[in-house]
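Participant: To convert a position in the sequence shown, counted from 1, into my numbering, add 10. The structure follows.
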Amino acid sequence: MGEYSVIIGGKAGEGINTAGLSIAGLFSRLGYHTYMYFDYPSLIRGGHNFAIIRASDRTIGAHRTPADVLLAFDRNSIENHRERLHAGTTVIYDASQVVRAEGYGLPLDGILDEEKAPPITKNSAMLGALARVAGIGRGVLEDVLRAAVPAKHLEANLRVAGRGYDAAGEVFIVEPLDAPPLPVLTGNEAAGLGLVHGGLDSYVAYPMTPSSSLLHFLANHAEDLAVRVIHPENEIGVIQMALGLAYAGEKTAVGTSGGGFCLMTEGLSLAGMSEIPVTIVMGQRPGPSTGTPTYTAQGDLHFVLNAGQGEFPRLVVAPGDLEEAYAWSATALMLSWRYQVPAIVLTDKTLAEGAFSFDIGAVTAPPDHEPVLWDGAGEYRRYARTESGVSPLAFPGRDGAVVKASSYAHDEAGFTTETVKGVTALQEKMLDKGESLRAELATYPAVKTYGTWNSGTTIVCWGSQKWACIEAAEEFGARVVQPLVLAPFPARQWKEAMIGAGRVACVENNATGQLARLLRQQGFDPGRSVLKYDGRPFAVDELAVRLGEVFA
Numbered sequence: 011m012g013e014y015s016v017i018i019g020g021k022a023g024e025g026i027n028t029a030g031l032s033i034a035g036l037f038s039r040l041g042y043h044t045y046m047y048f049d050y051p052s053l054i055r056g057g058h059n060f061a062i063i064r065a066s067d068r069t070i071g072a073h074r075t076p077a078d079v080l081l082a083f084d085r086n087s088i089e090n091h092r093e094r095l096h097a098g099t100t101v102i103y104d105a106s107q108v109v110r111a112e113g114y115g116l117p118l119d120g121i122l123d124e125e126k127a128p129p130i131t132k133n134s135a136m137l138g139a140l141a142r143v144a145g146i147g148r149g150v151l152e153d154v155l156r157a158a159v160p161a162k163h164l165e166a167n168l169r170v171a172g173r174g175y176d177a178a179g180e181v182f183i184v185e186p187l188d189a190p191p192l193p194v195l196t197g198n199e200a201a202g203l204g205l206v207h208g209g210l211d212s213y214v215a216y217p218m219t220p221s222s223s224l225l226h227f228l229a230n231h232a233e234d235l236a237v238r239v240i241h242p243e244n245e246i247g248v249i250q251m252a253l254g255l256a257y258a259g260e261k262t263a264v265g266t267s268g269g270g271f272c273l274m275t276e277g278l279s280l281a282g283m284s285e286i287p288v289t290i291v292m293g294q295r296p297g298p299s300t301g302t303p304t305y306t307a308q309g310d311l312h313f314v315l316n317a318g319q320g321e322f323p324r325l326v327v328a329p330g331d332l333e334e335a336y337a338w339s340a341t342a343l344m345l346s347w348r349y350q351v352p353a354i355v356l357t358d359k360t361l362a363e364g365a366f367s368f369d370i371g372a373v374t375a376p377p378d379h380e381p382v383l384w385d386g387a388g389e390y391r392r393y394a395r396t397e398s399g400v401s402p403l404a405f406p407g408r409d410g411a412v413v414k415a416s417s418y419a420h421d422e423a424g425f426t427t428e429t430v431k432g433v434t435a436l437q438e439k440m441l442d443k444g445e446s447l448r449a450e451l452a453t454y455p456a457v458k459t460y461g462t463w464n465s466g467t468t469i470v471c472w473g474s475q476k477w478a479c480i481e482a483a484e485e486f487g488a489r490v491v492q493p494l495v496l497a498p499f500p501a502r503q504w505k506e507a508m509i510g511a512g513r514v515a516c517v518e519n520n521a522t523g524q525l526a527r528l529l530r531q532q533g534f535d536p537g538r539s540v541l542k543y544d545g546r547p548f549a550v551d552e553l554a555v556r557l558g559e560v561f562a
C-alpha cells in the first residue's frame, strides 16, 4: 500500500492542528510525501476541529474522502465523519469521552492522571496508538516527538505516547520508503521564506486569517532571518507604513485577507501613482464582509485585479503549492522593485494554512534581479522618463538627490502637473512600465501544464486546486493547464498551452467562475465551469465525480 489517510478530530483548543502536524511528521520520517488539510470554525474553544493527513509514496497536495484511521477525541469526531469510514477504517477514540465505539478505546483521562501529565499530552497518546496500528516502531515515534515537543515537556509526552502505543494493536504496516524525509511546512511558511529569498527587509501586517500565521512565523524567526517584523494598529496603518519603509529603501511586504485588503486599496493606488514598490500576500477566504473567516475560497481574483482607482500596472501571481509559493513570493518581491509596481501574491486558506512536504530541490529559483538605481550623474529626477518606463531609484539621504513621492500627477522631478502634455506623458510612462514587466514575464514559466499533451481533454485551474486537478485528471487521461501569473496575463503562453485542448473544464473555488471570466476577457474559451463554494476545497475523488459529469 503506497498511500494512507488519517483523520484526527476534537474541540477547538485541544491542539488538533499541532497533532495533525505531528502525524504528518511521523509519515515524513518514513520517507512519505504528506499533505494536511485543517478544518476549524471561528471559535477559540469548543466546536469541531479536524485535520486530514494524507501520506503517499509520490508528490500530493490534496486530500481524499475515505480514511484509513480515525482518531476521535469526542463523539462528534465519529458522527461528523461517518461518510469517510469504511470496512477497513480503524477507529481510535478517547474512551473517557466516547462510549460504545468500535476500535481501540484509550482511557486518556486515566492515563494522564497516572502519568501526572497535562491535558495537551492526550495528542501524544493518540499519536502513539496510531504508530502501533500502522506498524511503526517506537523509535520512529520517539524521534518525531523529540523533534516536535519542547524539552521541558518531552518526558511527559514520551510516557503518555508509550501508554497509547501499548493500548492499541497492529492493523497494517507502513513500510519505510527509500527516500529522505522532507520537512513539512505550511504555505504561509513557504511564502515567508520565499520573501526572504527575494531580499525582504521588513514585513508589516495586522493579523487576519488565513495570513496571520505568516506574521507569526516571520516574527518568531525575525532574528534568524534578519528581517524586521512590525504589527501596526490596523490595515490602513500597515499599507502606509509599508510604503514609508519602501520609500526609504527597505524591501517590504505586507500580509492580509480580503477584508484587510479592502482597507489597503487607497494605499495601493498611492503605490501605483508614486511608483513605490510593495508586495502584498493576500490570503483569500469566503466573503463578502466577514463571511466564513476560517474557511477557503477563490473569490477575490477580480477584486485584486481591479483594486484601486485609475489605471496603473500591477503584478498578480497565484501559486498552487509550496514550491511555487516560495519561488513566486521571491519573484514578486524582486519584480515589484525592478519595475516599481505593487505585486500581489494571491493565496487562499487551503494553501496558506495547509501543510505539505516541501522539496527545495523542486523549486525553480527565480533570476536574482536588483532594482535599477541612480548612478549619481547629473540632477536626480525621481520620475525620469526612460524607454522601459522604469526610473532609476535613489533613497532619502543620498547625496545630491531630492527624492519626491507624490499622489498627484507629476512631472519627472515629482512636482504636481495638470497640463495635457504632463498628464499624458505620466500615464504613458506607467503603461510602458507595465509592458516592460509583461515582456520580462514572457521568459518565466507563467503557465504550467501537466498530464497527457494530446488527450483531447483539458482541466483548467488556478491556485490551491492544482493538485486535486492533477490527480483527478489521471482518471480521464486529461491535461491540466495552470496559470501562475494572472496580471499582466500571459496570453501568448496560455495560447500555446491550450493548443489541442479539446473539451475543457475550468475548476474553481468560487460561485461565479472568476478565472473563466478573466479568460473570456482575454479572448479565450474557458470551457465549462466546475465550481465549489461551500468554503471547502475539492477532495480528489469528489472532483473526479464532478469532472465525470462534465466529460460524460
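For each residue, glycine too, the CB sits at the ideal point set by N, CA and C.
For Ala-340 and Leu-332, what's the separation of their Cα atoms in angstroms?
Facilitator: Taking the straight line joining both Cα atoms gives about 12 Å.
Participant: Tell me where the beta strand (DSSP E) around Tyr-613 begins and ends.
Facilitator: What is shown of the chain runs 11 to 562, which leaves residue 613 out entirely.
Participant: Do you know offhand how far Leu-80's Cα is from Asp-67's?
Facilitator: Distance between the alpha carbons of Leu-80 and Asp-67 is about 21 Å.
Participant: In its own chain, which residues sit with a C-beta less than 7 Å from the C-beta of Ala-497, not counting the 5 before and 5 after it?
Facilitator: Result list for Ala-497: Leu-315, Arg-324, Leu-325 and Val-326, in chain order.
Participant: Can you give me the Cβ contacts of Val-560 inside the same chain, cut-off strictly under 7 Å, excluding the 5 residues immediately before and after it?
Facilitator: Counting only Cβ-Cβ distances below 7 Å, and skipping sequence neighbours, we find Ala-515, Arg-538 and Val-540.
Participant: Taking the C-alpha atoms as reference points, what is the distance between Thr-434 and Asp-385?
Facilitator: If you take the alpha carbons of Thr-434 and Asp-385, they lie about 27 Å apart.
Participant: Does the Cβ of Phe-83 have 16 or more other Cβ atoms within 10 Å, making it buried, or fewer, making it exposed?
Facilitator: Buried, since its Cβ has 16 or more Cβ neighbours within 10 Å.
Participant: Would you mind sorting Arg-173 into buried or exposed? The rule is 16 or more other CB atoms within 10 Å of its CB.
Facilitator: When all chains shown are included, Arg-173 counts as buried.
Participant: Starting from Arg-527, follow the beta strand (DSSP E) in both directions and report where the run begins and ends.
Facilitator: Unbroken run through Arg-527 is the alpha helix (DSSP H), 524-531; no beta strand (DSSP E).
Participant: For Ala-497, which of helix, strand or coil comes out of DSSP?
Facilitator: Ala-497: strand per DSSP, three-state reduction.
Participant: Scan the region 233-293 and note each continuous alpha helix (DSSP H) run of 4 residues or more that stays entirely inside, going in chain order.
Facilitator: If we require 4 residues or more, the alpha helix (DSSP H) runs fully inside the region 233-293 come out as 245-257 and 268-284.
Participant: Check each candidate in Ser-284, Thr-468, Leu-253 and Ala-135 and name the one with the smallest Cα separation from Val-214.
Facilitator: For the residues Ser-284, Thr-468, Leu-253 and Ala-135, the minimum Cα distance to Val-214 belongs to Leu-253.
Participant: Reducing DSSP to helix, strand and coil, say where Arg-64 ends up.
Facilitator: In the structure shown, Arg-64 sits in a strand (DSSP, three-state: E or B).
Participant: Could you name the residues of the same chain whose beta carbon sits closer than 7 Å to that of Leu-118, not counting the 5 residues immediately before and after it, in chain order?
Facilitator: Asp-104, Ser-106, Lys-132 and Ala-135.
Participant: State the beta-bridge partners of Asp-442 as determined by DSSP.
Facilitator: DSSP output for Asp-442 lists no bridge partner at all.
Participant: Whether or not the region 51-61 and the region 25-43 are in contact is what I'm after, with contact meaning three or more pairs of Cβ atoms, one per stretch, closer than 8 Å; do they touch?
Facilitator: Touching, yes, given that three or more Cβ pairs across the two stretches are closer than 8 Å.
Participant: With DSSP collapsed to three states, give me the class of Val-16.
Facilitator: Val-16: strand per DSSP, three-state reduction.
Participant: Under the three-state reduction of DSSP, which class applies to Leu-81: helix, strand or coil?
Facilitator: DSSP places Leu-81 in strand when its eight states are reduced to three.
Participant: Determine, using beta carbons only, whether Ile-240 comes closer than 8 Å to chain C.
Facilitator: Absent here is chain C; the protein component of the structure consists of one chain.
Participant: How long is the line joining the alpha carbons of Pro-242 and Arg-169, rounded to whole angstroms?
Facilitator: Cα to Cα, Pro-242 sits roughly 43 Å from Arg-169.
Participant: So, is Thr-426 buried or exposed, given that buried needs 16 or more other C-beta atoms within 10 angstroms?
Facilitator: Thr-426 is exposed by the Cβ-count criterion.
Participant: Whose C-beta lies closer than 6 Å to the C-beta of Val-490 among residues of the same chain, with five residues either side of it excluded?
Facilitator: Correct list, in chain order: Tyr-460, Gly-461, Ile-469, Cys-479, Ile-480 and Ala-483.
Participant: Under 7 Å: does the beta carbon of Lys-443 sit that close to some heavy atom of the ligand MG?
Facilitator: The ligand MG is not part of the structure shown, which contains no ligands of any sort.
Participant: Considering only their Cβ atoms, is the gap separating Val-355 from Met-292 smaller than 8 Å?
Facilitator: Result yes, Cβ atoms of Met-292 and Val-355 sit closer than 8 Å.
Participant: In three-state terms, what does DSSP make of Lys-431?
Facilitator: Reduced to three states, the DSSP call for Lys-431 is helix.
Participant: Would you report the Cα separation of Val-430 and Glu-438, rounded to the nearest angstrom?
Facilitator: The straight-line gap from Cα to Cα measures roughly 12 Å.
Participant: Only counting the same chain, and skipping five residues up and downstream in sequence, which positions put a Cβ closer than 7 Å to that of Gly-545?
Facilitator: Counting only Cβ-Cβ distances below 7 Å, and skipping sequence neighbours, we find Pro-296, Thr-302, Tyr-305, Thr-306 and Ala-307.
Participant: In chain order, which continuous runs of the beta strand (DSSP E) of length 3 or greater are located wholly inside the region 444-508?
Facilitator: Qualifying beta strand (DSSP E) stretches, in chain order: 457-461, 467-471, 489-493 and 495-497.
Participant: Gly-120 to His-91, Cα distance in whole Å?
Facilitator: When rounded, the distance between both Cα atoms is 26 Å.
Participant: Determine which residues share a DSSP beta bridge with Arg-513 and list them.
Facilitator: Its beta-bridge partners are Thr-467.
Participant: Since Thr-266 contacts Ser-221 with CB under 8 Å, what's their CB separation in whole angstroms?
Facilitator: Confirmed, Cβ separation roughly 6 Å.
Participant: Under a three-way DSSP split, which group does Gly-149 fall into?
Facilitator: If DSSP states are grouped into helix, strand and coil, Gly-149 belongs with the helices.
Participant: Based on Cα-Cα distance, which residue from Asp-123, Ala-161, Asp-234 and Phe-405 lies nearest to Glu-260?
Facilitator: The residue with the shortest Cα to Cα distance from Glu-260 is Phe-405.
Participant: Please say whether Arg-142 and Glu-185 have beta carbons closer to each other than 8 Å?
Facilitator: Cβ atoms of Glu-185 and Arg-142: not closer than 8 Å.
Participant: Does DSSP put Arg-110 in a helix, in a strand, or in coil?
Facilitator: Note: Arg-110 maps to coil in three-state DSSP.
Participant: Using the C-alpha atoms, what's the distance from Ala-337 back to Tyr-543?
Facilitator: Roughly 28 Å between the two C-alpha positions.
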